[in-house]
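Q: Pasting in a structure now, in structure tokens, and then I'll have a few things to ask.
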Amino acid sequence: MTRPQHQPFRAQPASSAAARAEAQPPAGPPPLAPDAKVDLQAARAESGVEKVLTELDTDLVGMVPVKARIAEIAALLLVDGQRARFGLSGSTPGLHMSFTGSPGTGKTTVALRMAEMLHRLGYSRRGHLVSVTRDDLVGQYVGHTAPKTKDALKRAMGGVLFIDEAYYLFRAENERDYGQEAIEILLQVMEEHRDDLVVIFAGYADRMDQFFAANPGLSSRVAHHIDFPDYSIDELMAIGQLMVAREGYRFAESTLPVLREYLSRRSRQPRFANARSVRNALERARLRHANRLLESGLPVSRDDLMELRPEDFLSSRVFTDPVDGTPAGPATG
Amino acid sequence: MRLTQGAFSFLPDLTDEEITAQVQYALDKGWAVSVEYTDDPHPRNNYWEMWGLPLFDLADAAGIVAEVVACRRAHPEHYVRLNAFDSTLGRQTTALSFLVGRPTVEPGFRLERQETTDRCIRYTLHSYATDRPAGSRYAAP
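Protein chains in written order, with our numbering: chain Z, 7 to 339; chain F, 8 to 148.
Structure representation (structure tokens):
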């Protein structure tokens with residue numbers, strides 16, 4: 007019996023990425039003439055990038071270098087899309103990133119946004135974020151690591167894989183640690199499936215530097231090293247305002263100087279965690295606020311329920327502890 | 008003889024893009040997709056070898072198609088299929104199953120007759136491929 011004229015499965019290119027690349031040209035409209043002009047501003051308006059960037063600007067305080075880099079990435083993806091219309095094929099830009107910075111500078115928040123943004127910009131297909139730590143990638147015994155890591159990578163395909171505290175993957179003191187194996191698999195998949203997923207490494211600046219120094223191959227495959235600067239007091243104040251507004255509270259006029267003094271004192275104490283410290287301060291202020299209202303024994307109005315007063319902050323230990331010396335007890339938040 | 012098992016089997020073989028689209032459809036429905044392979048194409052051979060565990064919790068088809076490619080590479084000249092399992096209560100069954108890999112040459116089946124009591128005849132199918140031991144049934148041409 008003769009074989010019917012079917013295309014055999016085997017004759018296809020082995021890699022799905024190659025297959026996709028090959029199949030793309032007939033799918034789109036024919037390329038534009040070489041002397042045609044495209045309106046970048048119109049394309050920008052059409053893609054909704056503007057909205058994404060404005061949202062980012064209003065929701066997240068400060069982070070000037072971070073926002074600048076994100077705007078650059080958005081511009082690159084936009085221009086790449088226009089280049090494709092002329093039939094100028096560039097390779098997909100690798101968008102693996104590393105976020106470094108002090109605690110509480112917004113690394114995780116931006117990563118969450120990044121997944122959604124890359125989806126809206128048309129770079130990633132699904133726009134979901136898979137957040138993992140060492141536990142999810144590194145196995146307990148020989149042969150356990152590879153399936154675990156591959157599983158996490160497969161779940162992240164079409165979206166973003168966010169590896170928090172990535173420096174834990176590599177333990178220099180133990181050369182039989184399975185973390186090295188996880189890194190090797192990560193490297194391989196980051197290369198092979200660069201258009202299927204974006205990997206974001208995050209961690210504290212000094213330890214991430216050591217991590218990248220010990221894994222030069224990894225460092226060179228991460229195109230975007232973004233450093234998150236510490237917040238200034240003004241930015242922390244703005245963050246505080248945003249946070250209380252979101253929780254349905256507000257600061258009394260007289261609270262603002264007290265909060266500023268609180269933040270400037272707290273930032274000089276050990277274990278200061280930027281925005282996270284602001285959140286903790288507000289959480290404790292809410293406790294004192296509730297307690298104050300209850301103990302006053304008076305009927306309360308809507309305004310009373312919303313307003314955080316100076317005394318809610320002034321009783322904090324931050325105002326009694328020495329500013330630059332070691333605190334009497336463990337500083338909380 | 009071209010094996011026709013599962014969905015799409017009377018169509019030309021699916022390309023990788025078409026497979027990706029089908030897998031994405033299954034994932035969007037919330038079905039868990041698994042990859043299986045065999046070199047015994049008998050229609051009553053329900054239990055094929057599993058290529059790893061079923062792939063749960065995936066959002067995008069790229070991870071599954073990568074497994075299909077890996078399975079074809081590790082087991083050339085085998086049949087490879089994808090199963091999509093719908094776990095919703097009341098269905099709990101394979102919702103979609105289709106071939107994504109087949110040997111170059113498929114020798115087909117013969118009809119076997121068995122005489123039994125009272126001049127009855129029983130019929131059964133015999134795959135030519137299974138005349139050879141497992142693992143060497145479909146030599147590359």
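Virtual Cβ for every residue (Gly too), placed ideally from N, Cα, C. Being a predicted model, the structure only gives us computed values, none of them experimental.
(1) Is the CB of Ala91 of chain F under 9 Å away from at least one CB in chain Z?
(2) With a cut-off of 8 Å on the beta carbons, I'd call Met8 of chain F and Gly115 of chain F a contact; round off their distance for me.
(3) Which word fits Pro36 of chain Z, buried or exposed, when buried means at least 16 other C-beta atoms lie within 10 angstroms of its C-beta?
(4) Checking contacts by CB at 9 Å: is Glu43 of chain F closer than that to chain A?
(5) Within the 9 Å Cβ cut-off, does Asp46 of chain F reach chain Z?
(6) Report the CB separation of Leu193 of chain Z from Arg227 of chain Z in whole angstroms; it is logged as a contact under 8 Å.
(7) May I ask you to list the residues that DSSP assigns as paired with Arg256 of chain Z?
(8) Provide the residue span of the beta strand (DSSP E) that contains Asp45 of chain Z, from first to last.
(9) Is the stretch 292 to 306 of chain Z close to the stretch 11 to 30 of chain F, with three or more CB pairs under 8 Å?
(10) Cα separation between Glu74 of chain F and Pro153 of chain Z?
(11) Should Lys154 of chain Z be flagged as near chain F, meaning a C-beta pair shorter than 9 Å?
(12) Over the uninterrupted beta strand (DSSP E) stretch that includes Val136 of chain Z, give me the two end residues.
(13) On the CB-based measure, 16 or more other CB atoms within 10 Å of its CB, does Ala80 of chain Z come out buried or exposed?
(14) Does Arg56 of chain F have its Cβ less than 9 Å from a Cβ in chain Z?
(15) Quick one: list the residues of chain Z neighbouring Asp138 of chain F, beta-carbon separation under 9 Å, in chain order.
(16) Given a threshold of 16 other Cβ atoms within 10 Å of its Cβ, counted over all protein chains shown, does Gly68 of chain Z qualify as buried or as exposed?
(17) Decide if His125 of chain Z is buried, meaning its Cβ has at least 16 other Cβ atoms within 10 Å, or exposed.
(18) Measure the C-alpha to C-alpha separation of Pro235 of chain Z and Gly93 of chain Z and round it to an integer number of angstroms.
(19) From this set, Z:Tyr210, Z:Asp41 and Z:Arg200, which residue's C-alpha is nearest Ser97 of chain Z's C-alpha?
(20) To test your reading of the DSSP string, which unbroken beta strand (DSSP E) runs of 3 or more residues are found completely within the stretch 30 to 107 of chain Z?
(21) Three or more C-beta pairs under 8 Å: does that hold for the stretch 203 to 217 of chain Z against the stretch 167 to 182 of chain Z?
(22) If you run the structure through DSSP and keep just helix, strand and coil, what is Met249 of chain Z?
(23) Can the beta-carbon of Ala281 of chain Z be found less than 9 Å from the beta-carbon of Leu242 of chain Z?
(24) Can you list the alpha helix (DSSP H) stretches of 4 or more residues lying completely in the stretch 156 to 202 of chain Z, in chain order?
(25) Does the stretch 209 to 217 of chain Z touch the stretch 238 to 257 of chain Z, meaning 3 or more C-beta pairs lie closer than 8 Å?
(26) Given that a residue counts as buried once 16 or more other Cβ atoms are within 10 Å of its Cβ, and exposed if not, what is Gly70 of chain F?
(27) Below 9 Å between beta carbons: does that hold for Ala68 of chain F and Val30 of chain F?
(28) Considering only their Cβ atoms, is the gap separating Gln12 of chain F from Pro50 of chain F smaller than 9 Å?
(29) Applying a beta-carbon distance threshold of less than 8 Å, which residues of chain F neighbour Asp183 of chain Z?
A: Per the coordinate set shown:
(1) It does not: the Cβ of Ala91 of chain F has no partner Cβ on chain Z nearer than 9 Å.
(2) With 8 Å as the limit, Met8 of chain F and Gly115 of chain F qualify as a contact, their Cβ atoms being about 3 Å apart.
(3) Its Cβ having fewer than 16 others within 10 Å, Pro36 of chain Z is exposed.
(4) Any reference to chain A falls outside this structure, whose protein chains are Z and F.
(5) Contact of Asp46 of chain F with chain Z is not assigned, every C-beta pair being separated by 9 Å or more.
(6) Contact holds; Cβ gap of about 6 Å.
(7) Answer is Z:Glu313.
(8) DSSP places Asp45 of chain Z outside any beta strand (DSSP E), giving it a letter other than H or E.
(9) Contact fails: fewer than three Cβ-Cβ distances are below 8 Å.
(10) If you take the alpha carbons of Glu74 of chain F and Pro153 of chain Z, they lie about 12 Å apart.
(11) So no, Lys154 of chain Z is outside the interface.
(12) Its beta strand (DSSP E) spans residues Leu135 to Val138.
(13) Classification of Ala80 of chain Z: buried, given that the 10 Å Cβ count is 16 or more.
(14) Going by the sequence as given, residue 56 of chain F is Glu instead of Arg. Using beta-carbon distances, Glu56 of chain F does not count as an interface residue toward chain Z, since no partner is under 9 Å.
(15) None at all; the shortest Cβ gap to chain Z is about 17 Å.
(16) With a threshold of 16 other beta carbon atoms within 10 Å, Gly68 of chain Z meets it and is buried.
(17) Buried, by the Cβ-count rule.
(18) It is roughly 40 Å from the alpha-carbon of Pro235 of chain Z to the alpha-carbon of Gly93 of chain Z.
(19) Here the closest residue by C-alpha is Z:Arg200.
(20) Listed in chain order, the complete beta strand (DSSP E) runs (minimum 3 residues) inside the stretch 30 to 107 of chain Z are 103 to 107.
(21) The stretch 203 to 217 of chain Z makes contact with the stretch 167 to 182 of chain Z: 3 or more CB pairs, one atom from each, lie closer than 8 Å.
(22) In this structure, Met249 of chain Z counts as helix in the three-state DSSP scheme.
(23) Remark: C-beta atoms of Ala281 of chain Z and Leu242 of chain Z approach each other more closely than 9 Å.
(24) Here the runs fully enclosed are 185 to 198.
(25) Segment contact: the stretch 238 to 257 of chain Z against the stretch 209 to 217 of chain Z, fewer than three CB-CB distances shorter than 8 Å; contact not assigned.
(26) Buried, since its Cβ has 16 or more Cβ neighbours within 10 Å.
(27) Yes; because the gap between Cβ atoms is below 9 Å, this pair is in contact.
(28) Yes, Cβ-Cβ distance for Pro50 of chain F and Gln12 of chain F is below 9 Å.
(29) Taking a Cβ-Cβ cut-off of 8 Å, Asp183 of chain Z has no neighbours in chain F, whose nearest Cβ is about 25 Å from it.
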